[in-house]
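Peer 1: Residue numbers (the numbering used here), protein chains in the order written: chain L, 1 to 207; chain Y, 1 to 207.
Number of protein chains: 2
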Amino acid sequence: MLHERFPSKLLENAVEQFARLPGIGRKTALRLVLHLLRCEQGEVEEFGNAIIQLKREIKHCKVCHNISDTEICSICANPVRDHNFICVVENIRDVMAIENTHQYNGLYHVLGGIISPMDGVGPNNLEIDSLIERVKTGDIVEVILALSTTMEGDTTNFYIYKKLKNIDVKLTTIARGVSVGGEIEYTDEITLGRSIVNRLNYFDTIK
Amino acid sequence: MLHERFPSKLLENAVEQFARLPGIGRKTALRLVLHLLRCEQGEVEEFGNAIIQLKREIKHCKVCHNISDTEICSICANPVRDHNFICVVENIRDVMAIENTHQYNGLYHVLGGIISPMDGVGPNNLEIDSLIERVKTGDIVEVILALSTTMEGDTTNFYIYKKLKNIDVKLTTIARGVSVGGEIEYTDEITLGRSIVNRLNYFDTIK
């Protein structure tokens, strides 16, 4: 496919643009572009403009750094939410995942990544200082760490812990354990081990 | 995912546009859009504009109906190619596939689909009349049918045959048989049957 001869430069250009997206090869890119060619002119312009407009006009919330259409995002601006709680996440997809559970009513803080020396991401590339500032200046009661259970996630958790340990705030992390509906037999041993060590009082779980 | 709460209307709009593409679900769409958000402004504009420009400026060759940047495509306009041969294909992807073999030096005729009553595609929705016109008026020696080996492909072949049978032109179809490198044992019986019925003189194949 590398030496594919395109009958049109315009077509080749559009295919190359699509093929730059993650997980989209040149065959898929060609299929998508040919689909767009069969669509109405208006639909295609809408598609192209939606992407250009997104990049031009999108904002990041000044408080939590989540993606937003306004200076302060709808979560941070919502007076009904509990402004004493901050849940620390890696990216906006994690915010959406937690929001979908309908189990959390506090605020968020989007780091924009996790500490990963291999990828050249250090604490200064992330929104950690702004988190510490928020905790210092705001009425924050609890900071909930909700990062991936990877070495990078653990490193980031520990870095934040060190920065916060002299501040009077509760620091928690989301529970790790056997997933709901998961069978003991098929759970990996590290998760199973953790779920035994961090076992819960049964009466608390059925309240 | 249907009731996903997006933190931004712009984001939601862009995700919905991507999710309309074939084979792209909402999760993949979100991943692609978040990737674009991490790209440079210029790159994203280039992406959006490539698609809009493609749809606005692309032409279809007046002769063979292949996609083209000019009135007459680069294949039809090429004096080195053999203008006595027309290879009839369903779409532009087939042109590209045959071109990649470097085994054909004639012209093409892109039907824009095949006859498929189930999908509401009849002969009048396709570039069949223009093919007959080309054969009648041009110096065409041979028309090569290169459509899919499906019921729709066979129907279209037969329809073209009926239209061309009173015109003095050779009508051929590309060979069906066991694929090169294919094992007899794993070849489906219809293909294997056809390859026995349409067997070739061995001496012709080693010449």
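Note that the Cβ used here is the ideal one computed from N, Cα and C, for glycine as well.
Determine which residues share a DSSP beta bridge with phenylalanine 85/L and list them.
Peer 2: The sequence position of residue 85/L within the first sequence is 85, counting from 1. Paired residue(s): Glu142/L.
Peer 1: Determine, using beta carbons only, whether asparagine 91/Y and valine 63/Y come nearer to each other than 8 Å.
Peer 2: The residue given as residue 91/Y occupies position 91 in the second sequence. The residue given as residue 63/Y occupies position 63 in the second sequence. No, the Cβ-Cβ distance between asparagine 91/Y and valine 63/Y is not below 8 Å.
Peer 1: Between alanine 14/L and chain Y, is the shortest Cβ-Cβ distance under 8 Å, so that the two count as touching?
Peer 2: For the purposes of this step, residue 14/L is taken as the residue at position 14 of the first sequence. Interface residue, yes.
Peer 1: For histidine 102/L, count the other beta carbons within 10 Å of its own beta carbon; 16 or more makes it buried, fewer makes it exposed. Which is it?
Peer 2: The residue labelled residue 102/L in the question sits at position 102 within the first sequence. Classification of histidine 102/L: exposed, given that the 10 Å Cβ count is below 16.
Peer 1: I want to verify the contact list: residues of chain L whose CB lies under 7 Å from the CB of phenylalanine 284/Y, in sequence order.
Peer 2: This structure does not reach residue 284/Y, given that chain Y is present from 1 up to 207, and the question cannot be answered.
Peer 1: Could you give the DSSP three-state label for serine 116/Y: helix, strand or coil?
Peer 2: The residue labelled residue 116/Y in the question sits at position 116 within the second sequence. Note: serine 116/Y maps to strand in three-state DSSP.
Peer 1: Is any beta-carbon of chain L found at less than 8 Å from that of glutamine 103/Y?
Peer 2: Indexing the second sequence from 1 puts residue 103/Y at position 103. By this cut-off, glutamine 103/Y is not an interface position.
Peer 1: Using beta-carbon positions only, say whether glutamine 17/L and alanine 19/Y come within less than 8 Å of one another.
Peer 2: Walking along the first sequence from the start, residue 17/L turns up at place 17. Walking along the second sequence from the start, residue 19/Y turns up at place 19. No; because the gap between Cβ atoms is not below 8 Å, this pair is not in contact.
Peer 1: CB isoleucine 167/L to CB valine 197/L, shorter than 8 Å?
Peer 2: As a working note, residue 167/L is residue 167 in the first sequence. As a working note, residue 197/L is residue 197 in the first sequence. Cβ distance not < 8 Å, so isoleucine 167/L and valine 197/L don't count as in contact.
Peer 1: Can you pull the chain L residues whose beta carbon is under 7 Å from the beta carbon of serine 74/Y, in chain order?
Peer 2: Stepping through the second sequence from its first residue, residue 74/Y is reached at position 74. Going along chain L in sequence order, the residues near serine 74/Y (Cβ under 7 Å) are Pro7.
Peer 1: How many Å lie between glycine 106/Y and leucine 131/Y at the Cα?
Peer 2: Locating residue 106/Y in the second sequence gives position 106, counting from the first residue. Locating residue 131/Y in the second sequence gives position 131, counting from the first residue. Approximately 15 Å, taken between the alpha carbons.
Peer 1: Can you give the beta carbon distance from isoleucine 75/Y to tyrosine 108/Y, rounded, assuming they're within the 8 Å contact cut?
Peer 2: For this step, residue 75/Y is matched to residue 75 along the second sequence. For this step, residue 108/Y is matched to residue 108 along the second sequence. At roughly 6 Å, the Cβ-Cβ gap stays under 8 Å, so isoleucine 75/Y and tyrosine 108/Y are in contact.
Peer 1: Write down the C-beta distance between arginine 26/L and valine 33/L rounded to the nearest angstrom, noting that I regard them as a contact closer than 8 Å.
Peer 2: Position 26 of the first sequence, counted from the first residue, corresponds to residue 26/L. Position 33 of the first sequence, counted from the first residue, corresponds to residue 33/L. About 10 Å separates the two Cβ atoms, so there is no contact after all.
Peer 1: In whole angstroms, give me the CA-to-CA distance for cysteine 39/L and glycine 48/L.
Peer 2: As a working mapping, residue 39/L is identified with position 39 in the first sequence. As a working mapping, residue 48/L is identified with position 48 in the first sequence. Straight-line Cα distance between these residues: approximately 13 Å.
Peer 1: In the DSSP assignment, find the unbroken beta strand (DSSP E) run with leucine 107/Y in it and report its ends.
Peer 2: Taking the first residue of the second sequence as 1, we reach residue 107/Y at position 107. Element bounds for leucine 107/Y: 107-110.
Peer 1: What does the alpha-carbon distance come out to for the pair methionine 149/L and leucine 164/L?
Peer 2: In the first sequence, counting from the first residue as 1, residue 149/L sits at position 149. In the first sequence, counting from the first residue as 1, residue 164/L sits at position 164. Sequence check: residue 149/L is threonine here, not methionine. Computed Cα separation, rounded: 20 Å.
Peer 1: Along chain L, which residues have their Cβ under 9 Å away from the Cβ of lysine 62/Y?
Peer 2: In the second sequence, the residue the question calls residue 62/Y occupies position 62. Ordered by position in chain L, no residue passes the 9 Å Cβ test against lysine 62/Y, which lies about 14 Å from the chain.
Peer 1: For a contact defined as C-beta to C-beta under 8 Å, what are the partners of arginine 199/L on chain Y?
Peer 2: Working through the first sequence from its first residue, we reach residue 199/L at position 199. Those do not exist, as arginine 199/L stays about 33 Å from chain Y at its closest Cβ, beyond 8 Å.
Peer 1: Does the beta-carbon distance from glutamate 152/L to histidine 65/L come in below 8 Å?
Peer 2: By 1-based counting over the first sequence, the position of residue 152/L is 152. By 1-based counting over the first sequence, the position of residue 65/L is 65. Not in contact: glutamate 152/L and histidine 65/L (Cβ atoms no closer than 8 Å).
Peer 1: So, is the C-beta of glutamate 127/L closer than 8 Å to a C-beta in chain Y?
Peer 2: Position 127 of the first sequence, counting from 1, holds the residue named residue 127/L. Glutamate 127/L does not count as touching chain Y.
Peer 1: To the nearest whole angstrom, what separates the beta carbons of leucine 21/L and histidine 35/Y, a pair I think is in contact under 8 Å?
Peer 2: As a first step, residue 21/L must be located in the first sequence, where it is residue number 21. As a first step, residue 35/Y must be located in the second sequence, where it is residue number 35. Yes, they are in contact, since the Cβ atoms of leucine 21/L and histidine 35/Y sit about 6 Å apart, within 8 Å.
Peer 1: My understanding is that threonine 156/Y touches isoleucine 190/Y, with C-beta atoms under 8 Å, so please give their C-beta distance in whole angstroms.
Peer 2: Position 156 of the second sequence, counted from the first residue, corresponds to residue 156/Y. Position 190 of the second sequence, counted from the first residue, corresponds to residue 190/Y. Going by Cβ atoms, the distance from threonine 156/Y to isoleucine 190/Y rounds to 19 Å, so no, they are not a contact pair.
Peer 1: Please report how far the alpha carbon of asparagine 125/L lies from the alpha carbon of methionine 118/L, in whole angstroms.
Peer 2: Residue numbering aside, residue 125/L sits at position 125 when the first sequence is read from its first letter. Residue numbering aside, residue 118/L sits at position 118 when the first sequence is read from its first letter. Straight-line Cα distance between these residues: approximately 14 Å.
Peer 1: What does the Cβ neighbour count give for serine 179/Y, buried or exposed, with the cut at 16 atoms within 10 Å?
Peer 2: As a working mapping, residue 179/Y is identified with position 179 in the second sequence. Result: exposed.
Peer 1: For a contact meaning CB atoms closer than 7 Å, what does serine 68/Y contact in chain L?
Peer 2: To locate residue 68/Y, count along the second sequence from 1; it is residue 68. Within chain L, the residues near serine 68/Y are Pro7 and Ser8.
Peer 1: Roughly how many angstroms lie between the CA atoms of valine 88/L and isoleucine 144/L, to the nearest whole one?
Peer 2: As a first step, residue 88/L must be located in the first sequence, where it is residue number 88. As a first step, residue 144/L must be located in the first sequence, where it is residue number 144. Spanning the two alpha carbons is a distance of roughly 6 Å.
Peer 1: Short of 7 Å in beta carbon distance, which residues of its chain neighbour glutamate 12/L, apart from the five on each side in sequence? Order them along the chain.
Peer 2: One-based indexing of the first sequence puts residue 12/L at position 12. For glutamate 12/L, where only same-chain residues beyond five positions count, the Cβ hits under 7 Å are Phe6.
Peer 1: Indicate whether at least one CB of chain L lies closer than 8 Å to the CB of glutamate 90/Y.
Peer 2: The residue given as residue 90/Y occupies position 90 in the second sequence. No, glutamate 90/Y does not count as interfacial toward chain L.
Peer 1: What's the C-alpha gap between lysine 55/L and glutamine 41/Y?
Peer 2: Sequence index remark: in the first sequence, residue 55/L carries index 55 (1-based). Sequence index remark: in the second sequence, residue 41/Y carries index 41 (1-based). Whole-angstrom Cα-Cα distance: 7 Å.
Peer 1: Using the Cα positions of histidine 83/Y and threonine 137/Y, report the straight-line distance between them to the nearest angstrom.
Peer 2: Indexing the second sequence from 1 puts residue 83/Y at position 83. Indexing the second sequence from 1 puts residue 137/Y at position 137. Their Cα atoms are separated by approximately 12 Å.
Peer 1: Could you check if isoleucine 86/L is buried or exposed, using at least 16 other CB atoms within 10 Å of its CB as the buried criterion?
Peer 2: Start at 1 with the first residue of the first sequence, and residue 86/L comes out as number 86. Classification of isoleucine 86/L: buried, given that the 10 Å Cβ count is 16 or more.
Peer 1: Output yes if chain Y places a C-beta closer than 8 Å to the C-beta of leucine 2/L; else output no.
Peer 2: Mapped onto the first sequence, residue 2/L falls at position 2. Reliability fails at leucine 2/L, whose pLDDT of 42 lies under 50, so the model's placement of it is uncertain and the value that follows must be treated cautiously. Closer than 8 Å: no.
Peer 1: Determine the DSSP secondary structure at leucine 200/L, reduced to helix, strand or coil.
Peer 2: Along the first sequence, one-based indexing puts residue 200/L at 200. Leucine 200/L falls in the coil class under three-state DSSP.
Peer 1: Considering only the alpha carbon of each residue, which of Leu192/Y, Gly120/Y, Cys61/Y and Val121/Y lies closest to glycine 177/Y?
Peer 2: Here residue 177/Y refers to the residue found at position 177 when the second sequence is read from its first residue. Looking at the Cα atoms, Leu192/Y is the closest of the given residues.
Peer 1: Between which two residues does the beta strand (DSSP E) harbouring lysine 170/Y extend?
Peer 2: The residue given as residue 170/Y occupies position 170 in the second sequence. Element bounds for lysine 170/Y: 170-173.
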